[in-house]
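>
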Amino acid sequence: AQSVTQLDSQVPVFEEAPVELRCNYSSSVSVYLFWYVQYPNQGLQLLLKYLSGSTLVKGINGFEAEFNKSQTSFHLRKPSVHISDTAEYFCAVSSSNDYKLSFGAGTTVTVRA
Amino acid sequence: DTGVSQDPRHKITKRGQNVTFRCDPISEHNRLYWYRQTLGQGPEFLTYFQNEAQLEKSRLLSDRFSAERPKGSFSTLEIQRTEQGDSAMYLCAGGGEGTEAFFGQGTRLTVV
Numbered sequence: 001a002q003s004v005t006q007l008d009s010q011v012p013v014f015e016e017a018p019v020e021l022r023c024n025y026s027s028s029v030s031v032y033l034f035w036y037v038q039y040p041n042q043g044l045q046l047l048l049k050y051l052s053g054s055t056l057v058k059g060i061n062g063f064e065a066e067f068n069k070s071q072t073s074f075h076l077r078k079p080s081v082h083i084s085d086t087a088e089y090f091c092a093v094s095s096s097n098d099y100k101l102s103f104g105a106g107t108t109v110t111v112r113a
Numbered sequence: 114d115t116g117v118s119q120d121p122r123h124k125i126t127k128r129g130q131n132v133t134f135r136c137d138p139i140s141e142h143n144r145l146y147w148y149r150q151t152l153g154q155g156p157e158f159l160t161y162f163q164n165e166a167q168l169e170k171s172r173l174l175s176d177r178f179s180a181e182r183p184k185g186s187f188s189t190l191e192i193q194r195t196e197q198g199d200s201a202m203y204l205c206a207g208g209g210e211g212t213e214a215f216f217g218q219g220t221r222l223t224v225v
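First to last, the sequence lines map onto chains A and B.
Heads up, the first sequence is in our numbering, so the first residue is 1 and it goes up one at a time.
Heads up, the second sequence is in our numbering, so the first residue is 114 and it goes up one at a time.
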């Protein structure tokens, strides 16, 4: 079984400031890791994913994440946020068997001018 | 556009009524998932199809819930005798050869 813990439920940040969203996971098998973004009343859009290889993963909209196996973490970062980055962000994990996703509870990012 | 469409987008129903939601993925999505998302929470897995075969059901899927994917294309999720606790966003996702799941915009159910 896999589980995901997102350590911050809400992150307020000023426009053009950096942001980091923390995610820890637990699993007894090798996993794939994902970050999704959800805008109000919308479905989920994939930001980036880690499958294997380089531990630094770059995604869309200037986001990147680093996989740390020893700390079982997959933190998401963006060096300079925009107002349009205001949304809910979900970290998720899946196994290679069925790609079924287990999600964290989410982090609400609010970007202020 | 993820290629996954869900209908309806919103549904308000009275407690005790039955409701049915539809999900249409693209033809390349041999895998199809249903998730439920309540307010302030991440999506929770409900069930998974590989083509027309339902391979896994979560314990969250009580006997009032049934899902089908009769021809391995579109899928339906039916809830019988709805309860207020069923109020949630129901998300469908499709997947093909890769690891990524493509989500639809969801159906928001409100049981009054």
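By construction, the Cβ of each residue, glycine as well, lies at the ideal position given by its N, Cα and C atoms.
Source: prediction; values computed, not measured.
Going by other Cβ atoms of all chains shown within 10 Å of its Cβ, with 16 needed for buried, is A:V118 buried or exposed?
Outside the displayed span of chain A (1 to 113) sits residue 118 of chain A, for which this structure offers no information.
> Does the beta carbon of B:T212 sit closer than 8 Å to a beta carbon anywhere in chain A?
Taking the second sequence and counting its residues from 1, the one referred to as residue 212 of chain B is at position 99. Yes, because at least one Cβ of chain A sits closer than 8 Å to the Cβ of B:T212.
> Quick check on A:D98 - is its C-beta less than 8 Å from some C-beta in chain B?
Taking the first sequence and counting its residues from 1, one reaches residue 98 of chain A at position 98. It does: the Cβ of A:D98 has a partner Cβ on chain B nearer than 8 Å.
> Could you give the distance in angstroms between the alpha-carbon of B:E191 and the alpha-carbon of B:C205?
Indexing the second sequence from 1 puts residue 191 of chain B at position 78. Indexing the second sequence from 1 puts residue 205 of chain B at position 92. One C-alpha to the other measures close to 13 Å.
> In the DSSP output, what is A:T107 paired with across the bridge?
The residue labelled residue 107 of chain A in the question sits at position 107 within the first sequence. DSSP, once it has assigned bridges, lists A:Y89 as partnering A:T107.
> Name the two residues that bound the continuous beta strand (DSSP E) containing B:Q130.
Taking the first residue of the second sequence as position 1, residue 130 of chain B is located at position 17. Here B:Q130 belongs to no beta strand (DSSP E), and DSSP marks it neither H nor E.
> Return helix, strand or coil for B:Q163, following the three-state DSSP convention.
Stepping through the second sequence from its first residue, residue 163 of chain B is reached at position 50. Here B:Q163 sits in strand by DSSP.
> Strictly below 9 Å CB to CB, what residues from chain B border A:Y50?
Counted from its first residue, the first sequence places residue 50 of chain A at position 50. Ordered by position in chain B, no residue passes the 9 Å Cβ test against A:Y50, which lies about 10 Å from the chain.
> Below 6 Å CB to CB, which residues in the same chain sit around A:H108 once its five sequence neighbours on both sides are set aside?
Position 108 of the first sequence, counting from 1, holds the residue named residue 108 of chain A. Per the sequence shown, the amino acid found at residue 108 of chain A is Thr instead of His. So the list reads Q10, E88, once near-sequence residues are dropped.
> Grouping DSSP H, G and I as helix and E and B as strand, with all else coil, what is A:Q2?
For this step, residue 2 of chain A is matched to residue 2 along the first sequence. It is coil, neither helix nor strand.
> In or out: B:A214 buried (at least 16 other Cβ within 10 Å) or exposed?
Locating residue 214 of chain B in the second sequence gives position 101, where the first residue counts as 1. The residue is buried, with at least 16 neighbouring Cβ atoms inside 10 Å.
> Which value, in whole angstroms, describes the spacing of the CA atoms of A:Q42 and B:Q218?
Position 42 of the first sequence, counted from the start, is the residue given in the question as residue 42 of chain A. Position 105 of the second sequence, counted from the start, is the residue given in the question as residue 218 of chain B. Roughly 5 Å between the two C-alpha positions.
> Taking only beta-carbon positions, decide if A:A105 is within less than 8 Å of chain B.
To locate residue 105 of chain A, count along the first sequence from 1; it is residue 105. Closer than 8 Å: yes.
> Mark A:A113 as exposed unless 16 or more other C-beta atoms lie within 10 angstroms of its C-beta, in which case mark it buried.
What you label residue 113 of chain A is simply residue 113 of the first sequence in a count that begins at 1. Classification for A:A113: exposed.
> Since I believe A:D98 is in contact with B:E227 (beta carbons under 8 Å), could you give me their beta-carbon distance rounded to a whole number of angstroms?
No statement about residue 227 of chain B is possible, as the shown extent of chain B runs from 114 to 225 and does not include it.
> I want to verify the contact list: residues of chain A whose CB lies under 8 Å from the CB of B:R156, in sequence order.
Counting from 1 along the second sequence, the entry for residue 156 of chain B is found at position 43. Before going on, a small fix: residue 156 of chain B reads as Pro here, not Arg. The contacting residues are L44, F90, L101, F103.
> Between B:V132 and B:G198, what straight-line distance do the alpha-carbon atoms span, to the nearest angstrom?
Your numbering for residue 132 of chain B matches position 19 in the second sequence. Your numbering for residue 198 of chain B matches position 85 in the second sequence. Between B:V132 and B:G198, the C-alpha separation is close to 14 Å.
> Kindly say whether B:Q167, judged by its beta-carbon, lies nearer than 8 Å to any beta-carbon of chain A.
For the purposes of this step, residue 167 of chain B is taken as residue 54 along the second sequence, with counting starting at 1. B:Q167 does not count as touching chain A.
> Taking its Cβ as the centre, do 16 or more other Cβ atoms sit within 10 Å of A:F14, making it buried, or is it exposed?
As a first step, residue 14 of chain A is located in the first sequence; it is residue number 14 there, counting from the start. Flag for A:F14 reads exposed.
> Does the distance from the CB of A:Y36 to the CB of A:S94 come in under 8 Å?
Within the first sequence, residue 36 of chain A is the residue found at index 36, counting from 1. Within the first sequence, residue 94 of chain A is the residue found at index 94, counting from 1. The answer is no: Cβ separation not under 8 Å.
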